[in-house]
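Undergrad: Before I ask anything, let me first share the structure, which is written out below as C-alpha cells.
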Amino acid sequence: MSPPNRKRTEPVVVSEHVKPQLSARPSLYLLSLGCPKNRVDSEVMLGTLLDQGYELVQEPDNAEVILINSCAFIGEAKQESIDAILEHAAYKERGTCKALVVAGCLTQRYADVLQAEMPEVDYFVGTSGYPQIAEIIRGARDRAVLPDPHFIADSKTPRRNSMPAYTAYVKISEGCDNACTFCIIPTLRGAQRSRPIKDVVIECERLVAAGAQELNLVAQDLTAYGHDLPGRPKLHDLLQALADVPARWIRLHYAYPREFPDALIDALAKQPNLARYLDMPLQHIADPVLRRMKRGRDAAWVRKLVKKIRDRVPDLTFRSSFIVGFPGETEEDFEQLCEFVEETRFDKVGVFAFSREEGTPSYDLDGQLPQRTKAARQKKLMNLQRKISRAHQAALVGKTLDVLIEGVSSESDLLLEGRWMGQAPEIDGKVYVNRGRARPGEIVRVLIEQAGDYDLVGGIEGADGPVQMIGSRLAGGASLVTPDARIPMETAASQPKRSRLPILSH
385 MSPPNRKRTE
395 PVVVSEHVKP
405 QLSARPSLYL
415 LSLGCPKNRV
425 DSEVMLGTLL
435 DQGYELVQEP
445 DNAEVILINS
455 CAFIGEAKQE
465 SIDAILEHAA
475 YKERGTCKAL
485 VVAGCLTQRY
495 ADVLQAEMPE
505 VDYFVGTSGY
515 PQIAEIIRGA
525 RDRAVLPDPH
535 FIADSKTPRR
545 NSMPAYTAYV
555 KISEGCDNAC
565 TFCIIPTLRG
575 AQRSRPIKDV
585 VIECERLVAA
595 GAQELNLVAQ
605 DLTAYGHDLP
615 GRPKLHDLLQ
625 ALADVPARWI
635 RLHYAYPREF
645 PDALIDALAK
655 QPNLARYLDM
665 PLQHIADPVL
675 RRMKRGRDAA
685 WVRKLVKKIR
695 DRVPDLTFRS
705 SFIVGFPGET
715 EEDFEQLCEF
725 VEETRFDKVG
735 VFAFSREEGT
745 PSYDLDGQLP
755 QRTKAARQKK
765 LMNLQRKISR
775 AHQAALVGKT
785 LDVLIEGVSS
795 ESDLLLEGRW
805 MGQAPEIDGK
815 VYVNRGRARP
825 GEIVRVLIEQ
835 AGDYDLVGGI
845 EGADGPVQMI
855 GSRLAGGASL
865 VTPDARIPME
875 TAASQPKRSR
885 LPILSH
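Under my numbering, the letters of the sequence shown match residues 385 to 890, in that order.
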C-alpha cells in the first residue's frame, strides 16, 4: 500500500531520527483536515498541548511546532493531507519550525511508508495517540507512535473548543462495527466505543455553561450508540438525558439507517432542544448496489424509514449523502438513485464519487468504473440536487427564522452572517443579514427576503438601516468582535463549501 503522490521529483533521503529541541513554551500551529469527528480529535490535542504550556499562533511561519491532523478516508482527502504536509515542511527551512508532527488517519494507515518517504516529518501519531501528544513532541523514543485504536475522549480529557463559543461538536462514540465494503474507518478507528450517558451530559452542560447555543452530536455511527455499554442504552436514551441541557439546538450527524426506533423519531419530533435536523448517510437506493456495499438494509426498508421520519417530523431538515460509481453500478442503478433523490427531495445532499481504497473489500470487487463515468454521475446528481435545494430555499422567502449570528460576513462588511436551525456549521449554507444590530452568538428573528441555491438573505425583524455588530470598530461605524486565535479547518469536497477559519473559544 502507498499514500498519494508526493508531487515532487527530488530523491528521498532517510536520515537518522533526531529529537527536536524545543523552548519552554513552544509556539504551536494546528491544521485540522477532514470531518468534524477529526476536529474533535484536534481539539483534544490542542487542549492537551495548551495545558502543557504551548501557545497557539495564527501563522505557520511563526510556529515552533506545526501539527497536522490528517484524513485518509478517500483518495482526495489523502492527497490533500500529503500536499499539506509537504507545504508545511518548508517552514522547517524558512520559518521557526523545529518540529513537524502528522497525526490522524493518514498516519494510522500508512505509517511505514510515510516514515520512509517523508524524512522532514519528526513524528507520526496514530488515532489513539492523541492523549500522549505532548510527551511525543517533547521527545518520544520512536518516530511513529501507533497504539491500537482504543482511545475515546471523555469529559475529563483536556479539550479546547476550536469553534466560536456558541457552537461545538460533541463526539458520543468512536470506531464502528459496521462492515460497509467501501469504508476504511473500522480499520483506522477500531471497534465501536460509546461514552456513558452521564459523561456526555457533563460535557454538554459544560459547553453550554461556556456559551454554547448549539451542540452537534457526531459519531462514526450515531444510531449504534450504546450497544457496547452495560445495559445497552439507545441514542434516544441519551437524548432524553440531554433534554434538560439548556442548548437551543442539538443536531444529529451521521445517523446510520439500520436501527431508527419510534422512540428516536418521537424525540426528534417533540424534544424542544433537538434541532429538527437529521444527517443520515444513505449511500444508495438500488438493491444490487446496497448489497455490494453491505449496508444491511434493502431499498424498500430505506424508503419506508425515510417516509416515516418525514411524515412524523414534517418540519425536518433532512440531509443525506450518496456514493456514485460504486463497482458494478449500472446506468439503471444510477437512474434509480436519481429518481429517488428527485422524489424524496432531501433538503441537503452530499455526493461522493466512489474512491477505490486499499484494505477495503470494494477494492477487489469486479465492475470497477472509469473515473470519467464516476465524475459524470457525480456532476449529474449534484446538479439535480442543486435544483431541489433552490426550490427548498425559495419556499423560505417571506418566512421569519431564528438565526444564530456568527459575525460580519466574509462576503461584505455591509452584511452580517449566521445560520438558522436547518444549517449546520461549515456543512450547509448561510443566512446573510442586511439590516439590524446583533452580537456573535445571539439568536435573532430574521425575515427572509431572497434565496439562492444554498444561502438566504434577510433583515432582522422590525429593524431599519444598515447592520451593526456589537464589539470593536469596523469601517462605516459597524463593529465586530475580533477573534484572537484561529484553527484552519479543511474538508474534502462532496458539495459546495466555503473556506472558513473557525474562532478558538477561550
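Ideal placement from N, C-alpha and C gives every residue a C-beta, glycine not left out.
All values derive from a computational prediction rather than experimental measurement.
Alpha carbons only, please: which of Asp605, Asp538 and Pro548 is nearest the one belonging to Pro570?
TA: Asp605
Undergrad: Which residue from Ala760, Ala549 and Gly574 puts its Cα closest to that of Cys560?
TA: Gly574
Undergrad: Alpha carbon to alpha carbon, what distance is there between Ser546 and Glu448?
TA: Distance between the alpha carbons of Glu448 and Ser546 is about 20 Å.
Undergrad: For Ile586 and Ile517, what's the separation of their Cα atoms in angstroms?
TA: 24 Å
Undergrad: With DSSP run on the structure shown, which of helix, strand or coil describes Tyr514?
TA: Three-state result, Tyr514: helix.
Undergrad: Given a threshold of 16 other Cβ atoms within 10 Å of its Cβ, counted over all protein chains shown, does Asp532 qualify as buried or as exposed?
TA: exposed
Undergrad: According to the Cβ coordinates, are Gly825 and Gln597 closer than 8 Å?
TA: yes
Undergrad: If you draw a straight line from the C-alpha of Glu443 to the C-alpha of Glu833, how long is it?
TA: 39 Å
Undergrad: Terminal residues of the continuous alpha helix (DSSP H) containing Thr744?
TA: Careful: Thr744 lies outside any alpha helix (DSSP H) and carries neither H nor E.
Undergrad: Report yes if the C-beta distance between Leu689 and Ile634 is below 8 Å; otherwise report no.
TA: A distance of 8 Å or more separates the beta carbons of Leu689 and Ile634.
Undergrad: Per DSSP, what kind of secondary structure is Asp655 in: helix, strand or coil?
TA: The sequence shown places Gln at residue 655, rather than the Asp named in the question. Here Gln655 sits in coil by DSSP.
Undergrad: Please specify which runs of the alpha helix (DSSP H), each continuous and at least 4 residues long, are wholly inside the segment 710-738, giving them in chain order.
TA: 715-728
Undergrad: Assuming Leu490 and Gly513 make a contact with CB atoms under 8 Å, what is their CB distance in whole Å?
TA: No, Leu490 and Gly513 are not in contact; Cβ-Cβ is about 13 Å, not under 8 Å.
Undergrad: Opposite Tyr507 in the DSSP bridges: which residues?
TA: Val485
Undergrad: Only counting the same chain, and skipping five residues up and downstream in sequence, which positions put a Cβ closer than 6 Å to that of His620?
TA: Setting aside the 5 residues that flank it on each side, His620 is surrounded in the same chain by Ala647, Leu648 and Ala651, each with a C-beta closer than 6 Å to its C-beta; the list follows chain order.
Undergrad: Look at the alpha carbon of Lys764 and the alpha carbon of Ala495, and state the distance between them as a whole number of angstroms.
TA: 37 Å
Undergrad: Could you tell me whether the segment 659-672 touches the segment 610-625, where touching means 3 or more Cβ pairs closer than 8 Å?
TA: no
Undergrad: In three-state terms, what does DSSP make of Asn545?
TA: Reduced to three states, the DSSP call for Asn545 is coil.
Undergrad: What are the complete beta strand (DSSP E) segments, minimum 3 residues, inside the segment 761-846?
TA: 784-792, 800-804, 815-817, 820-822, 827-835 and 840-844
Undergrad: So, helix, strand or coil for Thr551, using DSSP?
TA: strand
Undergrad: For Glu713, which residues in the same chain have their Cβ closer than 6 Å to its Cβ, ignoring the five residues on either side in sequence?
TA: Hits under 6 Å: Val673.
Undergrad: With distance defined between alpha-carbon atoms, name the residue in Gly680, Ala408 and Val485 nearest to Cys564.
TA: Gly680
Undergrad: Note down the Cα distance separating Pro867 from Pro548, rounded to an integer number of angstroms.
TA: For Pro867, the predicted structure reports a pLDDT of 30, less than 50, and the residue's modelled location is therefore unreliable. A value from the coordinates is still provided. Distance between the alpha carbons of Pro867 and Pro548: 9 Å.
Undergrad: Check whether the segment 403-416 touches the segment 520-529, counting contact only when three or more Cβ pairs, one atom from each stretch, lie closer than 8 Å.
TA: yes
Undergrad: Between Val424 and Ile536, what straight-line distance do the alpha-carbon atoms span, to the nearest angstrom?
TA: 10 Å
Undergrad: Leaving aside the five residues before and after Arg703 along the sequence, list all residues of the same chain whose C-beta is less than 6 Å from its C-beta, in chain order.
TA: Asp663 and Lys732
Undergrad: Classify Asn326 as buried or exposed, calling it buried when 16 or more other Cβ atoms lie within 10 Å of its own Cβ.
TA: Residue 326 falls outside the range modelled here, since the chain spans only 385 to 890, and no answer is possible.
Undergrad: Give me the DSSP bridge partner(s) of Gly430.
TA: Just to set this straight, residue 430 is Leu in the shown sequence, not Gly. Per DSSP, none; premise fails for Leu430.
Undergrad: Let me make sure I understand the geometry here. Which of Gly806, Val629, Leu753 and Asp797 has the alpha-carbon closest to that of Thr701?
TA: Selected option, being the one with the closest Cα: Gly806.
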